[in-house]
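Here is the structure we will look at.
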Amino acid sequence: HELYQSDTVTRDLLASGFVASRNGTYLTSNVDRAGSGQPVGSRFALLQGIHGSRLLVLGFVYDMKHACSAVDVSTVAEALRAPWFRDAAAALPSVDAAVVLAHMHITDPLVRTILAAIRSVGPAGATIPVQFLTGHSHIRASVALDAHASALEAGKYADTLGFASFNVSRRRRRLGRAPSLGAHHSGATRALFGVAGLGTYAIGRSGNETRFMHVQLPMQVSSLARFAGVSEAAFTTASGGALGARVSAARRRLGLTRVLGCSRQSYEVDAGLSSNDSAWGLYLRTVAPEHIFSPPHNRSQWFVSSTGALRYGVHVGNVSVDDVYCVLPFVDRMRVARRVSGAALAAALDRLRAPSAQATA
Numbered sequence: 037h038e039l040y041q042s043d044t045v046t047r048d049l050l051a052s053g054f055v056a057s058r059n060g061t062y063l064t065s066n067v068d069r070a071g072s073g074q075p076v077g078s079r080f081a082l083l084q085g086i087h088g089s090r091l092l093v094l095g096f097v098y099d100m101k102h103a104c105s106a107v108d109v110s111t112v113a114e115a116l117r118a119p120w121f122r123d124a125a126a127a128l129p130s131v132d133a134a135v136v137l138a139h140m141h142i143t144d145p146l147v148r149t150i151l152a153a154i155r156s157v158g159p160a161g162a163t164i165p166v167q168f169l170t171g172h173s174h175i176r177a178s179v180a181l182d183a184h185a186s187a188l189e190a191g192k193y194a195d196t197l198g199f200a201s202f203n204v205s206r207r208r209r210r211l212g213r214a215p216s217l218g219a220h221h222s223g224a225t226r227a228l229f230g231v232a233g234l235g236t237y238a239i240g241r242s243g244n245e246t247r248f249m250h251v252q253l254p255m256q257v258s259s260l261a262r263f264a265g266v267s268e269a270a271f272t273t274a275s276g277g278a279l280g281a282r283v284s285a286a287r288r289r290l291g292l293t294r295v296l297g298c299s300r301q302s303y304e305v306d307a308g309l310s311s312n313d314s315a316w317g318l319y320l321r322t323v324a325p326e327h328i329f330s331p332p333h334n335r336s337q338w339f340v341s342s343t344g345a346l347r348y349g350v351h352v353g354n355v356s357v358d359d360v361y362c363v364l365p366f367v368d369r370m371r372v373a374r375r376v377s378g379a380a381l382a383a384a385l386d387r388l389r390a391p392s393a394q395a396t397a
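And the structure:
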């Protein structure tokens, strides 16, 4: 949902050919090119899997109020009333399930707004399996929405591989469609979920419910190899090795591997603020004061930062340019406000902590 800078849309998504390269599968159900009424990508897509299953796929972003000037973001409610959604809904009788890519918190009420719109589409929408794949809040979570719908959120920044599976064999038999997915779901998928320690989650066990199964897999070579059923040595392919070499060459070319210093210990971004290994503690008690408040300009100085500023921790050992960018990857402007009263500062903090501010942060 990187809609903060117009260049991201006009240059990186459109002019680069990235959206076109997706052949209609880059989905922007409620994001249009500014003033055109036309979506940046596609409103929806109909996909067919290798086992013959057919999916209706939608892609929404939350009700974003401060997008860049290159796009118009419709509210989810507005998008669901648009003619294109009726066209998408018309495909429900001919598909096995619906998948909703939803860049919003897994508990955002908009998730249920979208589900309600699908459920309202006559008999075809009433019981069709619906899998939401959510984001934005950067957590690992799974939620049962009703007897035939589930939501999965798989971490952040490629630290998690989320795998979702659900059985639609009863629906396929009822519609008189091609071979059942039951064998595939209960065979290879069941073996996959049988791997211990991968954080499995399942809902729906009775005959009248869709059975959803989820895995939250850490994005580490050891975990991925185990997931694939091969050794770590056998996991890297020739193409993967070549890509890794190209990435390493680009990092060296950009100067990202230059070592800036050495850290005596690791600091974790998710550690508690008072913990000795807290990256936030290091940032707020050492980095910010030394670079912003030194030398001091008055007796009382304050630094206010978004809670989403730090993205990764710091590992023990050499710290490179790349490591610094990973921790704080934004080119944010720092604004200085002088002679701010304590009352004004307290009011500003209250506004920043308000639910409405957090929902759009």
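The sequence shown begins at 37 in our numbering and counts up by one.
All C-beta atoms, glycine included, are put in the ideal place defined by N, C-alpha and C.
As assigned by DSSP and simplified to three states, the class of residue i
| i | result |
| --- | --- |
| leucine 50 | helix |
| alanine 224 | Note on alanine 224: pLDDT 46, under 50, position unreliable in the model; no value is reported. |
| aspartate 313 | coil |
| phenylalanine 271 | helix |
| alanine 183 | coil |
| alanine 70 | coil |
| glycine 95 | strand |
| tyrosine 319 | helix |
| methionine 139 | Inspection of the sequence shows that residue 139 is occupied by histidine rather than by methionine. Three-state result, histidine 139: strand. |
| glycine 158 | helix |
| arginine 90 | strand |
| valine 372 | coil |
| arginine 213 | Any answer about arginine 213 is weak, because its pLDDT of 42 lies below 50 and its placement is not dependable; what the coordinates show is given next. Of the three classes helix, strand and coil, the one that applies to arginine 213 here is coil, per DSSP. |
| proline 325 | helix |
| serine 284 | helix |
| valine 295 | strand |
| valine 350 | strand |
| serine 42 | helix |
| alanine 56 | helix |
Limits of the alpha helix (DSSP H) - the one that residue i falls within
| i | result |
| --- | --- |
| valine 357 | 357-363 |
| proline 400 | A question about residue 400 goes unanswered here, because the residues of the chain that appear run from 37 up to 397. |
| threonine 149 | 145-155 |
| proline 129 | Per DSSP, proline 129 belongs to no alpha helix (DSSP H) and is neither H nor E. |
| alanine 379 | 378-389 |
| arginine 262 | 257-264 |
| glycine 308 | Element bounds for glycine 308: n/a, residue is neither H nor E. |
| valine 112 | 112-116 |
Contact belief for residue i with residue j at Cβ below 8 Å, rounded distance in angstroms
| i | j | result |
| --- | --- | --- |
| tyrosine 348 | valine 363 | 5 Å |
| methionine 140 | threonine 196 | With 8 Å as the limit, methionine 140 and threonine 196 do not qualify as a contact, their Cβ atoms being about 17 Å apart. |
| glutamine 167 | valine 135 | 5 Å |
| valine 305 | leucine 346 | 5 Å |
| alanine 152 | threonine 170 | Contact flag wrong, Cβ pair sits at about 16 Å. |
Short Cβ contact (7 Å threshold) for residue i with residue j
| i | j | result |
| --- | --- | --- |
| serine 314 | alanine 307 | yes |
| threonine 165 | valine 204 | Contrary to the premise, residue 165 reads as proline rather than threonine in this sequence. Their beta carbons are under 7 Å apart, which means proline 165 touches valine 204 by this criterion. |
| glycine 297 | valine 352 | no |
| isoleucine 142 | glutamate 189 | yes |
| valine 76 | threonine 64 | yes |
| valine 109 | alanine 115 | no |
| leucine 91 | valine 147 | no |
| arginine 375 | glutamine 252 | no |
| valine 350 | tyrosine 319 | no |
| phenylalanine 271 | alanine 261 | yes |
| leucine 137 | glycine 95 | yes |
| histidine 172 | lysine 192 | no |
| glutamate 245 | serine 258 | no |
| serine 342 | histidine 250 | no |
| valine 55 | valine 97 | no |
N-terminal and C-terminal residue of the beta strand (DSSP E) that residue i is part of
| i | result |
| --- | --- |
| glycine 198 | 196-202 |
| leucine 169 | 166-170 |
| proline 254 | 248-254 |
| alanine 81 | 80-84 |
| valine 340 | That residue, valine 340, is in no beta strand (DSSP E); it is neither H nor E in DSSP. |
| asparagine 107 | The sequence shown places valine at residue 107, rather than the asparagine named in the question. Counting along the chain, the beta strand (DSSP E) containing valine 107 begins and ends at 107-109. |
Option nearest residue i by Cα separation, candidates the options
| i | options | result |
| --- | --- | --- |
| serine 156 | Ile175, Ala126, Thr170 | Ala126 |
| valine 112 | Arg79, Gln84, Arg90 | Arg79 |
| leucine 49 | Asp99, Tyr98, Ala106 | Ala106 |
| leucine 181 | Ile150, His174, Gly171 | Ile150 |
| valine 357 | Arg288, Gly265, Met249 | Arg288 |
| phenylalanine 202 | Phe54, Ala183, Lys192 | Ala183 |
| asparagine 59 | Ala70, Leu82, Arg47 | Leu82 |
| valine 93 | Leu388, Ser275, Ala118, Ala133 | Ala133 |
| alanine 264 | Phe199, Val97, Gly344 | Phe199 |
| aspartate 144 | Asp99, Leu128, Arg122 | Asp99 |
Beta carbon proximity, residue i to chain D, threshold 7 Å
| i | result |
| --- | --- |
| glutamine 301 | The chain inventory of the structure shown lacks chain D, comprising one protein chain alone. |
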